[in-house]
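A.B. asks:
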Amino acid sequence: MQRPPVKIAVFVSGGGTNLQALIDAQKSGIITHGKIELVVSNKPNAYALERAKNNSIETVVINNKDYSDKREFEAELKKTLKAHEIELIVLAGFMCILTADFTNAYKNRILNVHPSLIPSFCGEGFYGLRVHKAALDYGVKVTGATVHFVNEIPDGGKIILQKAVSVQETDTPEILQRRVMEQAEWHILPEACEIVSKEIYEKGDAYEHIQN
Ligand code: GAR
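Quick note: the sequence shown uses my numbering, first residue 909, plus one each step.
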């Protein structure tokens, strides 16, 4: 018996160009085994929320600053995910580090896109433009993006896809960031999302198996 597409929640904090790539991939048939059911932002003014609304995707803001500790924040995240029967979480520019308690509850069910070739320029403190600045300061000639499973080690989970991107001599962090997004992130994130959704779909491995 066929099951419905895997229910996906996308976690965001900012502009949401990766969320847009996921939405576009769903529309164009690159993602078929999963469906974005929910967009969760920890920032009330994230532009990503507008992108979700423009595509009639339900949104929820869970502001980490409203909680006295991470446990309470993550308890609220879990409650929301449970209410929507979410089976797969995609971190698309989500700028909060999740604890082991959370990542263990969704083992092999959380993906993240990181704007470098892991294990370079990753881990705590490496996010957004800082990653590209560090790559330029080091003088690397090739950088790229990585999609990986999320575990308790920041940027430490198993790699699903990577794509290399050339660095140009005249690059600024902003120019490099844009090239890495255009040439790598916006392609490998939807692809990885489909690969993992298909696996969950075919295993018939549904929501009930996730520990909460
Ligand atoms: C992306 O470049 C993403 O890889 C990065 O933040 C940007 C979000 O852009 N994520 C990290 O650095 C996580 N460590 P977006 O909001 O336009 O998708």
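Even for Gly, the Cβ is constructed at its ideal location relative to N, Cα and C.
All figures in this text were calculated on a predicted structure; none of them were measured in a lab.
Going by C-alpha to C-alpha distance, which of VAL1075, GLY924, ALA1043, VAL1073 sits closest to LEU957?
C.D. replies: To locate residue 957, count along the sequence shown from 1; it is residue 49. Cα-wise, what sits closest to LEU957 is GLY924.
A.B. asks: Using 10 angstroms around the beta-carbon of PRO921, count the other beta-carbons present and answer buried if the total reaches 16, otherwise exposed.
C.D. replies: Along the sequence shown, one-based indexing puts residue 921 at 13. It is worth fixing the name first, because residue 921 is Ser in this sequence and not Pro. SER921 comes out buried.
A.B. asks: Would the beta-carbon of ALA1000 be found less than 7 Å away from any heavy atom of ligand 1?
C.D. replies: Translated into positions along the sequence shown, residue 1000 becomes position 92. Checking every heavy atom of ligand 1 against the Cβ of ALA1000, one is found closer than 7 Å.
A.B. asks: Is the beta carbon of ASN926 less than 8 Å from the beta carbon of GLY1001?
C.D. replies: Counted from its first residue, the sequence shown places residue 926 at position 18. Counted from its first residue, the sequence shown places residue 1001 at position 93. Yes, the pair counts as a contact, with Cβ atoms nearer than the cut-off.
A.B. asks: Identify every residue that forms a DSSP beta bridge with GLY1001.
C.D. replies: Taking the first residue of the sequence shown as 1, we reach residue 1001 at position 93. Beta-bridge pairing links GLY1001 to no other residue.
A.B. asks: In the DSSP assignment, what residue or residues form a beta bridge with ILE1018?
C.D. replies: Counted from its first residue, the sequence shown places residue 1018 at position 110. For ILE1018, which the question treats as bridged, DSSP gives the partners ILE997.
A.B. asks: How do the stretch 940–949 and the stretch 1020–1028 stand: do at least 3 beta-carbon pairs fall below 8 Å, yes or no?
C.D. replies: In short, these stretches do not touch, since the Cβ pair count stays below three.
A.B. asks: Answer yes or no: the CB of PRO1023 versus the heavy atoms of ligand 1, is any distance below 7 Å?
C.D. replies: For the purposes of this step, residue 1023 is taken as the residue at position 115 of the sequence shown. True, at least one ligand heavy atom lies under 7 Å from that Cβ.
A.B. asks: Any idea which residues DSSP pairs GLU966 with across the strands?
C.D. replies: Numbered from its first residue, the sequence shown carries residue 966 at position 58. According to DSSP, GLU966 bridges with LEU946.
A.B. asks: Please return the same chain residues whose Cβ sits closer than 6 Å to the Cβ of GLU1032, not counting the five positions on each side in sequence.
C.D. replies: Here the question's residue 1032 lines up with position 124 in the sequence shown. Answer for GLU1032: PRO1062, listed in chain order.
A.B. asks: Mind checking VAL1050: buried by the 16 CB within 10 Å criterion, or exposed?
C.D. replies: On the sequence shown, residue 1050 is found 142 positions in, with the first residue counted as 1. Label assigned to VAL1050: exposed.
A.B. asks: If you count every other CB in all the chains shown that lies within 10 Å of the CB of GLU945, and 16 or more means buried, which is it?
C.D. replies: Here residue 945 refers to the residue found at position 37 of the sequence shown. Label assigned to GLU945: buried.
A.B. asks: Which residue wins for smallest C-alpha separation from VAL1058, given the options LEU930, ALA960, ALA933, ALA1008?
C.D. replies: By one-based count along the sequence shown, residue 1058 stands at place 150. Out of LEU930, ALA960, ALA933, ALA1008, ALA1008 has the C-alpha closest to the C-alpha of VAL1058.
A.B. asks: Using three-state DSSP, classify GLN1070 as helix, strand or coil.
C.D. replies: On the sequence shown, position 162 is the one that residue 1070 refers to. In the structure shown, GLN1070 sits in a strand (DSSP, three-state: E or B).
A.B. asks: Are the CB atoms of VAL914 and GLU984 within a distance shorter than 8 Å?
C.D. replies: Counted from its first residue, the sequence shown places residue 984 at position 76. Counted from its first residue, the sequence shown places residue 914 at position 6. No, they are not a contact pair.
A.B. asks: Which residues share a DSSP beta bridge with ARG915?
C.D. replies: Residue numbering aside, residue 915 sits at position 7 when the sequence shown is read from its first letter. Here residue 915 turns out to be Lys, not Arg, going by the sequence shown. Paired residues: LYS943.
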